[in-house]
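K.L.:
Here you go, one structure.
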Amino acid sequence: MTMHTKTPNTIPLVDIRGLRKRFGTNEVLKGIDLQIQRREVVCIIGRSGSGKSTLLRCINGLEEFQEGVLTVHGQALKINDPHAMRELRQNVGMIFQSFNLFPHLTVGQNVMLAPMLVRALPKLEARRRAEQLLARVGLAEKFDNRPDQLSGGQQQRVAIARALAMDPEILLCDEVTSALDPELVGEVLQVVEDLAEQGMTLMLVTHEMNFARKVSDRVVFMHQGKVHEMGPPDELFNHPKTPELQQFLSAL
Amino acid sequence: MVDFSFWDIARNLLLALRWTVALSLIAFIGGGMVGLVLLIARLSKLPGVAHGVALYVQIFQGTPLLMQLFLTYFGLSMLGVDTSALFAASVCLTLYASAYLTEIWRGCVLSIPRGQWEAAASLAMNFREQLRYIVLPQATRIAIAPTVGFLIQIIKGTALASVIGFIEITKAGQMIANATYEPFLVYGCVGLLYFTLCFPLSVWSRHLERKLSVRH
Numbered sequence: 003m004t005m006h007t008k009t010p011n012t013i014p015l016v017d018i019r020g021l022r023k024r025f026g027t028n029e030v031l032k033g034i035d036l037q038i039q040r041r042e043v044v045c046i047i048g049r050s051g052s053g054k055s056t057l058l059r060c061i062n063g064l065e066e067f068q069e070g071v072l073t074v075h076g077q078a079l080k081i082n083d084p085h086a087m088r089e090l091r092q093n094v095g096m097i098f099q100s101f102n103l104f105p106h107l108t109v110g111q112n113v114m115l116a117p118m119l120v121r122a123l124p125k126l127e128a129r130r131r132a133e134q135l136l137a138r139v140g141l142a143e144k145f146d147n148r149p150d151q152l153s154g155g156q157q158q159r160v161a162i163a164r165a166l167a168m169d170p171e172i173l174l175c176d177e178v179t180s181a182l183d184p185e186l187v188g189e190v191l192q193v194v195e196d197l198a199e200q201g202m203t204l205m206l207v208t209h210e211m212n213f214a215r216k217v218s219d220r221v222v223f224m225h226q227g228k229v230h231e232m233g234p235p236d237e238l239f240n241h242p243k244t245p246e247l248q249q250f251l252s253a254l
Numbered sequence: 091m092v093d094f095s096f097w098d099i100a101r102n103l104l105l106a107l108r109w110t111v112a113l114s115l116i117a118f119i120g121g122g123m124v125g126l127v128l129l130i131a132r133l134s135k136l137p138g139v140a141h142g143v144a145l146y147v148q149i150f151q152g153t154p155l156l157m158q159l160f161l162t163y164f165g166l167s168m169l170g171v172d173t174s175a176l177f178a179a180s181v182c183l184t185l186y187a188s189a190y191l192t193e194i195w196r197g198c199v200l201s202i203p204r205g206q207w208e209a210a211a212s213l214a215m216n217f218r219e220q221l222r223y224i225v226l227p228q229a230t231r232i233a234i235a236p237t238v239g240f241l242i243q244i245i246k247g248t249a250l251a252s253v254i255g256f257i258e259i260t261k262a263g264q265m266i267a268n269a270t271y272e273p274f275l276v277y278g279c280v281g282l283l284y285f286t287l288c289f290p291l292s293v294w295s296r297h298l299e300r301k302l303s304v305r306h
């Protein structure tokens, strides 16, 4: 990696150094070093249990880690400092495998709530923004529906609009299509791809290899809690260097 | 010896019924408020608090309400507090209800998927906002039926306040039975009055349970 030798205006948006995470005695992240630049799209691939999702969840403080430094936007992540976490999480959006929409609120309220609470956005403004964002993911007409009236693909698109409502600088996507019926995967990936084209910084844990190949600037292969191999998608998929990655790709 | 008509018995029992209802409401509302504070304290993950609340719950669940009433009544007067039976019964039943309600509600909060907390957290909401806007509204729906169910337990529990001399309908029934020598009639009426209080609540609770569980 050459990033930190460059000029200061290319300070990585996310800078992870020496990150170690244990669940009890089980070490799941064994010293991760990873830098994500602005506007970069990075896909993380690997077997289940390789620590991909855990790494992603460390970046917005959903998981604690025991060693190492993680900075976003130059600010070190301090999990026990609620104010620092509130700042950080406004910059880091997350989309989950299971959508996690708020079932007691309408689609529109799902998108409006956090900006009104966290950013103190006036209700009308929040509503206007929510309408724009829902239109952007193709769901303008669902504003007053309940989440359970939507298909999985639609729910996930609402979740994307909800995350975007906070104007994050980076979006973490944790297997966002894994819970979807095959015919609904496309519409969600299309939205993610549009975001990538519009210059959103994205970090995706995914099992959709074709998608990873298509949208990524860089692919990270994780194996047994470490970044095992990393590079541009063509290089990584066409010329895997390590036997572990070769095996992983051939098993697909 | 004075003769008591059935009307005299009924009138006195109905007058005493007001105190059963009042004590139940005090215990339910007071217990609800204390229980909510305990719930939030327990969820906030402040060091040591969760264990403290768990112990509190265990103490009230692990001892008979009758003992709790005795201990409160005599304990308060030992502390030099000039207690009426109503005051002691209110304090005791409030604490008793708070221990049960906080545990019932904790179960409801725990049944909200972790993803809801995580989604709220990753939208930069703080603990209070996560609880207030995301978790409690959902947990409340689940909690309504068991909470109404517990209200029935409280109403029946107030009968025990008779042992510290509080005149609610069980105590009133006892006094009237002693005066009239008609214990079966009197206690029959007392039982019927409890039933008319509790049965509608029980039906309502079951109705809520069915209605709210279908929606998911």
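Protein sequences appear in the order of chains A and E.
Position one of the first sequence corresponds to residue 3 (the working numbering), numbered consecutively onward.
Position one of the second sequence corresponds to residue 91 (the working numbering), numbered consecutively onward.
Glycine residues also receive a C-beta, built at the ideal position from the N, C-alpha and C atoms.
Note that the structure is a prediction, hence the values are computed from the model and not measured.
#1: Looking at A132(A): is its Cβ nearer than 8 Å to the Cβ of M168(A)?
#2: Who does A78(A) pair with in a DSSP beta bridge?
#3: Tell me the DSSP secondary structure of E258(E) in three-state form.
#4: Can you tell me whether DSSP reads F96(E) as helix, strand or coil?
#5: Using beta carbons (cut-off 8 Å, strictly below), is F239(A) in contact with chain E?
#6: Going by the beta-carbon positions, is the gap between G120(E) and T184(E) smaller than 8 Å?
#7: Classify H141(E) as buried or exposed, calling it buried when 16 or more other Cβ atoms lie within 10 Å of its own Cβ.
#8: P236(E) and I194(E) - do their beta-carbons sit closer together than 8 Å?
#9: In whole angstroms, what is the alpha-carbon distance linking H85(A) and C45(A)?
#10: Applying a beta-carbon distance threshold of less than 7 Å, which residues of chain A neighbour I224(E)?
#11: Going along the segment 50-69 of chain A in order, which residues come within less than 7 Å of chain E, judged by CB to CB distance?
#12: Is any beta-carbon of chain A found at less than 8 Å from that of S212(E)?
#13: Can T208(A) and L15(A) be called in contact, C-beta distance under 8 Å?
#14: Determine whether the beta carbon atoms of K144(A) and V109(A) lie at a separation below 8 Å.
#15: For G255(A), which residues in chain E fall below 9 Å Cβ to Cβ?
#16: Just to confirm my understanding: we take H306(E), look at its own chain, exclude 5 residues before and 5 after, and list those with CB closer than 6 Å. What are they?
#17: List, in order along the chain, the chain E residues whose C-beta lies closer than 7 Å to that of Q92(A)?
#18: Taking buried to mean at least 16 other C-beta atoms within 10 Å of its own C-beta, is H225(A) buried or exposed?
#19: If the cut is a Cβ gap below 8 Å, which residues of chain A does P227(E) touch?
#20: Is there contact here, the segment 276-283 of chain E with the segment 199-210 of chain E, by at least three beta-carbon pairs under 8 Å?
#21: For the segment 164-179 of chain A against the segment 93-105 of chain A, are there 3 or more C-beta pairs whose distance is under 8 Å?
#22: Can you have a look at F25(A) and say buried or exposed, based on whether 16 or more other CB atoms are within 10 angstroms of its CB?
#23: What does the alpha-carbon distance come out to for the pair Q243(E) and G170(E)?
#24: Going along the chain, which residues of its own chain have a beta-carbon closer than 7 Å to the beta-carbon of L135(A), five neighbours each way excluded?
#25: Quick check for students: name the residue ranges of the alpha helix (DSSP H) that lie wholly in the segment 176-206 of chain A, counting only runs of 4 or more.
#26: Should A233(E) be flagged as near chain A, meaning a C-beta pair shorter than 8 Å?
#27: Quick one: any contact between the segment 177-187 of chain A and the segment 63-78 of chain A, if contact means 3 or more CB pairs under 8 Å?
#28: Using a Cβ-Cβ distance cut-off of 8 Å, determine whether L186(A) contacts chain E.
#29: Where T4(A) and Q92(A) are concerned, what is the direct C-alpha to C-alpha distance, given to the nearest angstrom?
#30: Could you list which residues in chain E have their beta carbon closer than 8 Å to that of P84(A), in chain order?
#31: Which residue marks the beginning of the beta strand (DSSP E) containing D219(A), and which one marks its end?
#32: On the DSSP bridge assignment, give the partners of D17(A) in chain order.
#33: Provide the residue span of the beta strand (DSSP E) that contains E42(A), from first to last.
P.N.:
Quick answer:
#1: Taking 8 Å as the cut-off, the Cβ atoms of A132(A) and M168(A) do not count as close.
#2: Answer is T73(A).
#3: Here E258(E) sits in coil by DSSP.
#4: Three-state result, F96(E): helix.
#5: Interface residue (Cβ-Cβ distance to chain E less than 8 Å): F239(A) is not classified as such.
#6: Yes, these two residues count as a Cβ contact at 8 Å.
#7: Counting of Cβ neighbours within 10 angstroms places H141(E) among the exposed residues, the total staying below 16.
#8: A contact, by the Cβ cut-off of 8 Å.
#9: Going by the C-alpha atoms only, they are around 30 Å apart.
#10: Below the 7 Å Cβ cutoff, chain A contributes F104 as neighbours of I224(E), in chain order.
#11: For the segment 50-69 of chain A, the set of positions with a beta-carbon nearer than 7 Å to some beta-carbon of chain E reads N62, L64 in chain order.
#12: Cβ-Cβ to chain A under 8 Å: yes for S212(E).
#13: For T208(A) and L15(A), no; Cβs fall outside 8 Å.
#14: Cβ atoms of K144(A) and V109(A): closer than 8 Å.
#15: Lying before the first or after the last residue shown, residue 255(A) is absent from chain A, which here runs from 3 to 254.
#16: Here the model assigns H306(E) a pLDDT of 46, short of 50, so the residue's position is not dependable, and the following value carries that caveat. Nothing listed; no residue qualifies.
#17: Neighbours of Q92(A) on chain E, chain order: A214.
#18: Buried.
#19: Under the 8 Å cutoff, chain A gives H106.
#20: Judged by Cβ distances under 8 Å, the segment 276-283 of chain E makes no contact with the segment 199-210 of chain E, as fewer than three pairs qualify.
#21: The segment 164-179 of chain A makes contact with the segment 93-105 of chain A: 3 or more CB pairs, one atom from each, lie closer than 8 Å.
#22: Result: exposed.
#23: Roughly 31 Å separates the two Cα atoms.
#24: Cβ neighbours of L135(A) beyond the five flanking positions: V113, A163, L166, A167.
#25: If we require 4 residues or more, the alpha helix (DSSP H) runs fully inside the segment 176-206 of chain A come out as 184-199.
#26: No, A233(E) lies away from the interface with chain A (no Cβ there is under 8 Å from its Cβ).
#27: These segments do not touch.
#28: No - not a single Cβ of chain E is within 8 Å of the one on L186(A).
#29: Any reading at T4(A) needs caution, since the residue's pLDDT is 44, under 50, leaving its predicted position unreliable; the model's value is listed next. Answer to the nearest angstrom: the Cα atoms are 28 Å apart.
#30: What P84(A) touches in chain E: N216, F217.
#31: No beta strand (DSSP E) holds D219(A); DSSP gives it neither H nor E.
#32: Answer by DSSP bridge pairing, in chain order: Q37(A), T73(A).
#33: Unbroken run through E42(A): none, as it is neither H nor E.
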